[in-house]
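Chemist: Which chain is which? The protein sequence lines are A and B, in order. Heads up: the first sequence runs through residues 61 to 706, numbered per the working numbering. Heads up: the second sequence runs through residues 4 to 589, numbered per the working numbering. Don't be surprised by glycine CBs; every beta carbon is placed ideally from N, CA and C. Predicted model only: the values in this text are computed from it and were never measured.
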Amino acid sequence: MYLSKLRVKGFRCFENDFNIRLSDGLNVIVGENGAGKTAIISAIRQLFHDSESGRYSITSDDFSCSFRAEAKSASSFSIQAEFDGLDVNHKVALLPWVGSADTAILNLQAENKEVRGRFKKIIWGGNSKSSQFDPELLDLIQCIYLPPLRDAEAKLSNGRQSRLSKLLKALNRKELKQCKKDERLHPLEAKIKEFNEALAADETLSIKDANELITTHLTQAIGRHFGQQTRIQFVENDFTKIAESLTLLFFPNLSAEDQGLFRSLNQNSLGYNNLLYIASILAELTLNEEEDEQPLFKLLLIEEPEAHLHPQLQIRLLNHLKSVAEENKNVQVIVTTHSTVLASSVELDSIIHLSKSKKPIATPLRTCGLPPNSSQFINRWLDVTKSNLLFASGVILVEGIAEQMILPTLAKIILYEQDDGKKSLEDLGVSTINLNGIYFKHFMQLYCNIKKSNEEEIDGENIPVRCAGLTDLDPPKFVKVQVPNPQKSGQFKEVDNEFIPYDGNMKDGTNHAIKLIKSINGSTNARLFVSKYKTLEYDLAMEGNNAALMAEVIASLWPKPKKGHSPVIDEFNEMAKVDWTQQPPEKTALAANSILKRIDDDNIGKGMFAQVITDKIENGSVVFTVPSYIKNAVLWACSLDKVEEV
Amino acid sequence: MAFEFTNEQFEYINSSIENHVFLEACPGSGKTEIVAAKVAKEIDSWSPLPSGLAVLSFTNSATNELTKRIAKYLPPGRSMFPHFLGTFDSFIYKNIVSPLATELTGFTGDNDDASIRIVEPSGYLGYRSKYQYGGRGNVYAHHFSITGNNKITFDTGDSIQNRTLNSLVLKDWEERDLQNVKKRMLRGGLATYKDIECLALTALTSNNLCHFVELLVKRYPLIMIDECQDLSEEQLTILLILADNGAKLHFIGDLHQAIYGFRDVDPEKISQFVRNNDFIELKLSRNFRSCQNIVNLCSIISGRDHITGNVSWLDSRCLVIQYKKCPTELIGIFEEKCNGFDHNVVVSRGHSILRKFQTSVSKLNNIQKLALAVKLFNPNDMEALNNSMELFSEFISYYLTESCKPNSFNCPQSVDSNLAWRKFLCKSLNHLVSNDLKHMQVSWSDWVKRSKVLVRTLSKQYFCPEDISTVLAPLDEVNLTSPAGFAKNEVNSVLGSTSKSTQSYRMSTIHGSKGETHDVTIVISTAQAGGQPGSHWQSWLNEPNSEAARFAYVASSRPRHYLIWAVKTLKNTERERLEAIGFKIL
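#1: Tell me the rounded alpha-carbon separation between S502/B and Q444/B.
#2: What number of angstroms, rounded off, separates the C-alpha of A670/A from the C-alpha of T685/A?
#3: Is the beta carbon of E366/A less than 8 angstroms from the beta carbon of L402/A?
#4: Where does P85/B sit, in a helix, a strand or coil, going by DSSP?
#5: Alpha carbons only, please: which of V323/B, H346/B and D345/B is nearest the one belonging to I336/B?
#6: Would DSSP call T331/B helix, strand or coil?
#7: May I ask which residues mark the beginning and end of the beta strand (DSSP E) holding W568/B?
#8: Taking only beta-carbon positions, decide if T105/B is within less than 8 angstroms of chain A.
#9: Using the beta-carbon of each residue, which ones in chain B are nearer than 7 angstroms to K151/A?
#10: Determine whether the Cβ of S48/B lies closer than 8 angstroms to any Cβ atom of chain A.
#11: Mind checking the region 279-297 of chain A against chain B and listing, in chain order, the residues whose C-beta falls within less than 9 angstroms of any C-beta there?
#12: Between which two residues does the alpha helix (DSSP H) harbouring M188/B extend?
#13: Are the region 443-450 of chain A and the region 388-407 of chain A in contact at 8 angstroms, needing three or more beta carbon pairs?
#14: When the Cα atoms are used, what is the spatial distance from A592/B to P102/B?
#15: At a CB-CB cut-off below 7 angstroms, which residues of chain B make contact with S191/A?
#16: Could you tell me which chain A residues have their CB closer than 8 angstroms to the CB of A117/B, listed as they occur along the chain?
#17: Under 8 angstroms between the Cβ atoms of S454/B and L428/B?
#18: Using Cβ-Cβ distances below 8 angstroms, what residues of the region 532-553 of chain B are close to chain A?
#19: Check K358/A in the structure and name its three-state DSSP category.
#20: Taking the Cβ atom as the reference point for each residue, do S417/B and D345/B lie within a distance shorter than 8 angstroms?
#21: Does K221/B get closer than 8 angstroms to chain A when you measure Cβ to Cβ?
#22: Taking 8 angstroms as the CB-CB cut-off, is S132/B touching chain A?
#23: If you follow the beta strand (DSSP E) that T396/A is in, where does it begin and where does it stop?
#24: I'd like to know if the region 39-54 of chain B and the region 67-85 of chain B are in contact, where contact means that at least 3 CB-CB pairs between them fall below 8 angstroms.
#25: Taking C-beta to C-beta, are L252/B and A261/B nearer than 8 angstroms?
#26: Taking only beta-carbon atoms, is P53/B less than 8 angstroms away from chain A?
#27: Quick one, which of T576/B, D158/B and S355/B has its alpha-carbon nearest M510/B's?
#28: When you compare each of F380/B, P30/B and C321/B to T311/B by their alpha carbons, which one comes out closest?
#29: What do you get for N187/A, buried or exposed, if any count of 16 or more other CB atoms within 10 angstroms of its CB means buried?
#30: Of all Cβ atoms in chain B, is any one closer than 8 angstroms to the Cβ of Q392/A?
#31: Q371/B: buried (16+ other C-beta within 10 angstroms of its C-beta) or exposed?
#32: So which of F282/B, V557/B and D113/B has the shortest CA-CA distance to Y594/B?
#33: Within 10 Å of its beta-carbon, does V33/A have 16 or more other beta-carbons around it, so buried, or fewer, so exposed?
#34: Please report whether the beta-carbon of D532/A lies at a distance below 8 angstroms from any beta-carbon of chain B.
#35: Step through the CB atoms of chain A and report whether any lies within less than 8 angstroms of the CB of S502/B.
#36: Output yes if chain B places a C-beta closer than 8 angstroms to the C-beta of L155/A; else output no.
Laid out in structure tokens, this is it:
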């Protein structure tokens, strides 16, 4: 049994109907701040009695209120949970929730009407309020919630409702019940009692003397008639109190043999305390109890498990959570995170993307229709930096490091005219993701359904976030040209001639991604933009007077000979002096071609060049013209394309 | 527990829950206590979670009583989960029809809630048949039910109309017409109690839902029916299907006390059911309530013997008192006979006799209901206040355009809180009384004129909550008129003098007194034989197997100390007949 679907309306940021599908086992919900991750967890907590963080009663803030001037908060909210994977035992227990269906439904509705601090709420199972509803059934669903800011130390130390006492009680539940029935002490209680008696009676300890002294003075003061007996001992006498007075100690590694070396938890690191805390919860969660005491299903909700942990520990913890969810049949784990480390270490199928939009949308990545090879590819490739894309409000996918470096700077030029707060990609929360190759087919399937003419149509869900791809046209490098044959005058022979494109002299690209354009650009959120002439650097050089600046950079980067002149440096210094805006396109094209060649040369390299020119553009007052395909891509990813059209 | 069980009682408490069992319990045998003890025993040793047992009775008060007694045997604070305690109707409504509401009726509901609303025949609904029937116009969908084999039974809330319609032989197209309008009503999310029963039967017999039935029987593998003599034929069919799927049944009751003939309850069918399904039959034959004198008389009425009573008295404990015209003449004697006892009840077959004790008008029209409600209103007398509010709510609901909840003072469906409605009724009555409507030494026309103004402005009063005020809209333009022919008469004279409400005895119908224990029971017979069946004493003595005899049996087995029949002045032969069975004629 697991929570398969959650429908929320009028609750927190979910003003309209919001749906999220969850899967058996581990679920990792990712998304920007304010997308509604906590609201999802809170909605689940509204339904169940959560045994770890106490009761969560409805407050007026739970009723959604949109950020409009005339907005009123919602008059009610409703939460509906659907459970799948039910066996016969589940179905019998939850019969009115199930009806004739295969899934069980639980509904909650709350009215925004406060009566002495309480809000009226109705819970019912199945599709009619009038069905039999046993509130005890909710207790058969064990829900544990760990908030993002958890005080692990307090929870682990001794005190009321401590973790240890809960675990011990869970372990001893059956025995305690039997003891109560037989009216005898639990062995632990008996041991403590014995110990207390031994202490009180021991002549060598001063406890006995102290007690006698007190009694004597008391009797002297108030006389025999009013006299009282006293006794000095450790206070605890029943199981709960004993368990609550136990505390957890630690030793930094597993080698300790001397018990005296263990330290109290306030000397431990925050991160380790957090891990200890979670470990104690997992210990209780995975405890297999007697059949009739066993909850139907256990739900573990953790907000930001990464808190206080360094990346390696984050990954270990997540993997452990995953194995707990997989190995224990009736355990489902739901995690929210901002950690790119977590997002990149978990398999794509467990990730649920949450978009921050007027109407938040949850997209389980397993429903995006990724073919198995794409899915495997992304699983392997989604590293810490690439998993950025799961948290961005807009995404620009690029092929290489040069684009990744220069794009944010070019974006500033493009966004110069925009209002404050929209002047750069960072302002707008748009990420540039370097795919290190032409892998649009795999990644863009997350944002749109890519259809190739010879393939079946994929009907997957899409992440409702703008995604722009930037790719090179890559026309053929050479063209066959007929030239007079030097051997045989009057005759022609075919040779490969370098192809240098310019307006009026263009060829179709050879880039295989170009075939996807039609399908991608027909989608709602994704667009693939192709360079006009050839590749990034070439196209940059073709615009305005960019070639001059680029030539200057090459000249400055080209290794200087120990003595004499470098013809390359001279050549590019000359080029830097030309006003390329006044040159005919075929001349500029020649310049662009040699610029591209030198950048590609091992003496410079695309990455280095991109970094230096980025610095130049950032610092200097140089005018740099951005090719329109890049401009369009940036505006698309920033959702500013419509404004442009007006 | 201070209660000591007899062998008969122990035998049932220790009976197997792996078998069908029928426990026949005579009146006063401590049946409820035994059922409670049995249920508590089973609950305490219950293991197969998440299954539970279902203990069903037929009235809310019986359920409440049972719950209270079971709680005595269980550790405090122990919840009833996973067991179900409630009425038969609520069991099938909550556990069969509601979870399957959409599948059964096509009603999709709104706001994720497809609860079916129950309507009474008196409710106001717009689902009408296309054609007219029996010269009575179009028929409303909540005024008939369609049981198995497409048998159509009318229940309009008006007995004459019922008789006319039920005697019709319906043609095919008429049946289709009625089926259609019923379907439309169900799809609209409304149903009568009878419809709920039919829907439950549909669910249990439908091929697509057999999986559900299997689960239901796993959920409730043991069903105990208290007062099993009240099981109707449909209810027996439902139980039969559950039994066929593996559920075990325990019936507890007394077939001699079956008095629900008007609901198609036939004790013969129940005993047949018990025989056909190999029930183990057990008996409780010791009456702890009544003295032997009363037990003996009851044996004659019911034709059943071998019941042991409590004590035997030498003086007569079964009395007959006579009235000349109207039983209200006997109020003085009732007082005298009840003197010295605490729980004394005057019972009769129908409400009409009881009402005579409140007013001389036997059937009240709507304006008279209002007048009587005002007249009875007395915040210090719970019984009078209850009657007053009931009458006043009937008066109001007559004008409203939506259906009401009859068990909650006719609270309109759209008013969420029954409490708010009760408060409103009480404050309204208070408002009417403080505006001098209790002054009834005036002509009807004057009184009606004054009340009209007050009733029309009820919705504007400060004590009227917003939602109720919306519902009351039709009252704002209501037109009230004097009872026909009485415009000039004094209100008080037409209403008659209310007999003063005494503390020494209570009034109840025989149905209402079922299961009760009284010190003195006064059973009133109508003056004329030939009224409502079972309301005249002669019919009580004619045939021990008749329902009339069962009425007399139920009523006469209530008292501990004195049984009094109030009858119209007897002829000599009649005297002898009553004396012969053990009565002393006063």
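Modeler: This is what the structure gives:
#1: In this prediction, S502/B has a pLDDT of 48, which is less than 50 and means its spatial position is unreliable; nothing more can be read from the coordinates.
#2: 15 angstroms
#3: yes
#4: coil
#5: V323/B
#6: helix
#7: P562 to K571
#8: yes
#9: L218
#10: no
#11: none
#12: D175 to R190
#13: yes
#14: This structure gives no information on residue 592/B, because the portion of chain B shown stretches from 4 to 589.
#15: K97, S101 and P102
#16: N187 and S188
#17: no
#18: none
#19: strand
#20: no
#21: yes
#22: no
#23: V391 to T397
#24: yes
#25: no
#26: yes
#27: S355/B
#28: P30/B
#29: buried
#30: no
#31: buried
#32: There is simply no residue 594/B to check, as chain B begins at 4 and stops at 589 in what is shown.
#33: Here chain A comprises residues numbered 61 to 706, so residue 33/A is not present and cannot be evaluated.
#34: no
#35: With a pLDDT of 48 at S502/B, under the threshold of 50, the predicted position of this residue should be treated as unreliable, and no value is reported.
#36: yes
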